[in-house]
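Here is the structure we will look at, set down as structure tokens.
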Ligand code: ADP
Ligand code: GLC
């Protein structure tokens, strides 16, 4: 049985956030379960493509409105990622270094989707399922049903996974002509609030949509940037499946990015050794508890609350804890953190930018990982931190709610708070310091969290069951 995953990101080819981690892992695990899963993504001029070999397996041209585009499908030669990887290259449009934030992003992703459909259509492929991820691929379920060019594939089940419902990819009706030969009586399916809205279109047209945690499924009908009513109406098609983590990549016992490896038996020494190196690098004392933040510095992640909360906590607990942030995002948030570091250089360190090896070292060397997210569809950071024996401090929302139990509750191991507010973060910091000072309790919790199973072994099967439910002949 064959499934194509369509996505803008895939680790290690091109990663901006958790979408890449999921698309780089789920297909691998599905292959282990007997499916033939492949990933199709745009071509980015990055390290992975430069360092690996590809065959051109298909080349053709297509139309984006009146603009003729030549495209190629490149296949990675060795399947070394554990699945077939296909890249769509369109010279002049999809052959750049960055994943997002080009002014012609609409053109890029619409062209990507058309090229994908043209390719599988002309080359007579018949996947059993097409699995689309986020709004960048949201027009595919519509085009399969409503463009006469793809009628051969119209009965192919489509699954649409929402990793982030805040971004819709909406664009104006003046760009309707980008879509190839569609049935004009069906254009209502494209519309939401007077624009073409790929996320809304996907939810309307896909066979099933999934969210990356069960709680987020429920939250979308309460808050989704204007799509609440749609999610309410379509709720019978929605399924919440908690993401897993790739335990081959995220394993403190084998992680090549860690200077000191450790497991559930050796974590006390192992974590301390990593902490020592991390603190040396950032000029922090390794004795005090180390609270960290890793992630996009945006409002969704509560990044605007962090500097104020840390300042208040530094004043309340002078010299009693350190804070380290790794991330990039909105300028105001970056500036606030840099100012905080300049004001408290002995307690605070900040790295603005993206650094995968440093992230691994931080998960391993930190004592606590803070996630004050306003919205968190799943969140992978807390899952990595659990596996690396770092206590997550999370706001009670989305996937954070589904994966972290407060240590004050039965079977708990993390710190959970209810409001995305400075006050709740400060209270959690106070609790973290107290927990750190009770070494025995802290180590019991670390042992417990490192033994939890949040791997894809658990969740990959749920997607397979979903696929099978859509196609009784499978
Ligand atoms: P999101 O996808 O919303 O950003 P997730 O928690 O799902 O959040 O995933 C974030 C992923 O990106 C994790 O793998 C995390 O380690 C990584 N990450 C985020 N920011 C950085 C950064 N500045 N440097 C290195 N890795 C980062
Ligand atoms: C999105 C979400 C994040 C989730 C990730 C992978 O980026 O913001 O919560 O973990 O996708 O599904």
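Numbering (the numbering used here), first residue to last: 22 to 495.
Cβ atoms here follow ideal geometry from the backbone N, Cα and C, with glycine treated the same way.
Proximity winner among the options, relative to residue i (alpha-carbon distances)
{"i": "residue 80", "options": "71, 110, 98 and 320", "result": "110"}
{"i": "residue 68", "options": "117, 22 and 325", "result": "117"}
{"i": "residue 352", "options": "288, 399, 157 and 319", "result": "319"}
{"i": "residue 399", "options": "220, 191 and 232", "result": "232"}
{"i": "residue 293", "options": "377, 236 and 388", "result": "388"}
{"i": "residue 427", "options": "456, 344 and 405", "result": "456"}
{"i": "residue 44", "options": "134, 102, 87 and 90", "result": "102"}
{"i": "residue 331", "options": "348, 368, 296 and 197", "result": "368"}
{"i": "residue 280", "options": "235, 425, 302 and 123", "result": "302"}
{"i": "residue 478", "options": "266, 362 and 458", "result": "266"}
{"i": "residue 132", "options": "90, 235, 156 and 162", "result": "90"}
{"i": "residue 23", "options": "99, 146 and 35", "result": "146"}
{"i": "residue 418", "options": "378, 317, 385 and 244", "result": "244"}
{"i": "residue 275", "options": "409, 199 and 33", "result": "409"}
{"i": "residue 393", "options": "85, 191 and 402", "result": "402"}
{"i": "residue 433", "options": "443, 115, 444 and 466", "result": "466"}
{"i": "residue 342", "options": "436, 383, 451 and 429", "result": "451"}
{"i": "residue 154", "options": "374, 63, 444 and 270", "result": "63"}
{"i": "residue 204", "options": "66, 163 and 269", "result": "163"}
{"i": "residue 144", "options": "396, 171 and 364", "result": "171"}
{"i": "residue 190", "options": "122, 253, 86 and 435", "result": "122"}
{"i": "residue 489", "options": "126, 28 and 56", "result": "56"}
{"i": "residue 269", "options": "227, 395, 375 and 32", "result": "32"}
{"i": "residue 88", "options": "253, 113 and 72", "result": "113"}
{"i": "residue 397", "options": "25, 30 and 38", "result": "38"}
{"i": "residue 314", "options": "254, 375 and 36", "result": "375"}
{"i": "residue 100", "options": "86, 85, 34 and 156", "result": "34"}
Contact set for residue i: own chain, Cβ-Cβ below 7 Å, skip 5 residues either direction
{"i": "residue 136", "result": "83, 92, 109 and 111"}
{"i": "residue 175", "result": "165 and 166"}
{"i": "residue 229", "result": "180, 258, 260, 487 and 491"}
{"i": "residue 104", "result": "48, 49, 52, 58, 59 and 60"}
{"i": "residue 464", "result": "289"}
{"i": "residue 285", "result": "468, 471 and 472"}
{"i": "residue 381", "result": "276, 278 and 279"}
{"i": "residue 295", "result": "279, 280, 281, 382, 385 and 386"}
{"i": "residue 214", "result": "247"}
{"i": "residue 404", "result": "266, 424 and 475"}
{"i": "residue 54", "result": "481, 482 and 485"}
{"i": "residue 207", "result": "167"}
{"i": "residue 98", "result": "74, 75 and 76"}
{"i": "residue 350", "result": "317, 318, 319 and 324"}
Test item: CB-CB of residue i and residue j under 8 Å
{"i": "residue 310", "j": "residue 300", "result": "no"}
{"i": "residue 337", "j": "residue 447", "result": "yes"}
{"i": "residue 415", "j": "residue 407", "result": "no"}
{"i": "residue 391", "j": "residue 345", "result": "no"}
{"i": "residue 441", "j": "residue 323", "result": "yes"}
{"i": "residue 197", "j": "residue 161", "result": "no"}
{"i": "residue 327", "j": "residue 358", "result": "yes"}
{"i": "residue 340", "j": "residue 316", "result": "no"}
{"i": "residue 129", "j": "residue 141", "result": "no"}
{"i": "residue 435", "j": "residue 412", "result": "yes"}
{"i": "residue 127", "j": "residue 192", "result": "yes"}
{"i": "residue 443", "j": "residue 321", "result": "no"}
Nonlocal neighbours in the same chain, by C-beta distance under 8 Å from residue i, ignoring five residues either side
{"i": "residue 492", "result": "149, 150 and 178"}
{"i": "residue 78", "result": "94, 95, 96 and 107"}
{"i": "residue 484", "result": "47, 51, 152, 180, 231 and 262"}
{"i": "residue 370", "result": "303, 304, 305, 343, 344, 345, 346 and 362"}
Residue i - partner residues in DSSP beta bridges
{"i": "residue 95", "result": "77 and 108"}
{"i": "residue 348", "result": "316 and 373"}
{"i": "residue 62", "result": "108"}
{"i": "residue 327", "result": "None; residue 327 has no bridge partner."}
{"i": "residue 26", "result": "60 and 152"}
{"i": "residue 217", "result": "192 and 212"}
{"i": "residue 287", "result": "Partner(s): none; residue 287 has no beta bridge."}
{"i": "residue 390", "result": "313 and 413"}
{"i": "residue 427", "result": "435"}
{"i": "residue 82", "result": "91"}
{"i": "residue 31", "result": "35"}
{"i": "residue 230", "result": "181 and 259"}
{"i": "residue 115", "result": "111"}
Other residues of its chain near residue i: CB distance less than 6 Å, five sequence neighbours each side excluded
{"i": "residue 283", "result": "273 and 291"}
{"i": "residue 211", "result": "217 and 222"}
{"i": "residue 169", "result": "202"}
{"i": "residue 538", "result": "Residue 538 cannot be examined here, being either before or after the span of the chain that is shown, 22 to 495."}
{"i": "residue 378", "result": "278"}
{"i": "residue 354", "result": "318, 324 and 325"}
{"i": "residue 297", "result": "307"}
{"i": "residue 42", "result": "32 and 401"}
Heavy atom of ligand 4 within 7 Å of residue i beta-carbon
{"i": "residue 260", "result": "Among the ligands present in this structure, namely ligand 1 and ligand 2, ligand 4 is not found."}
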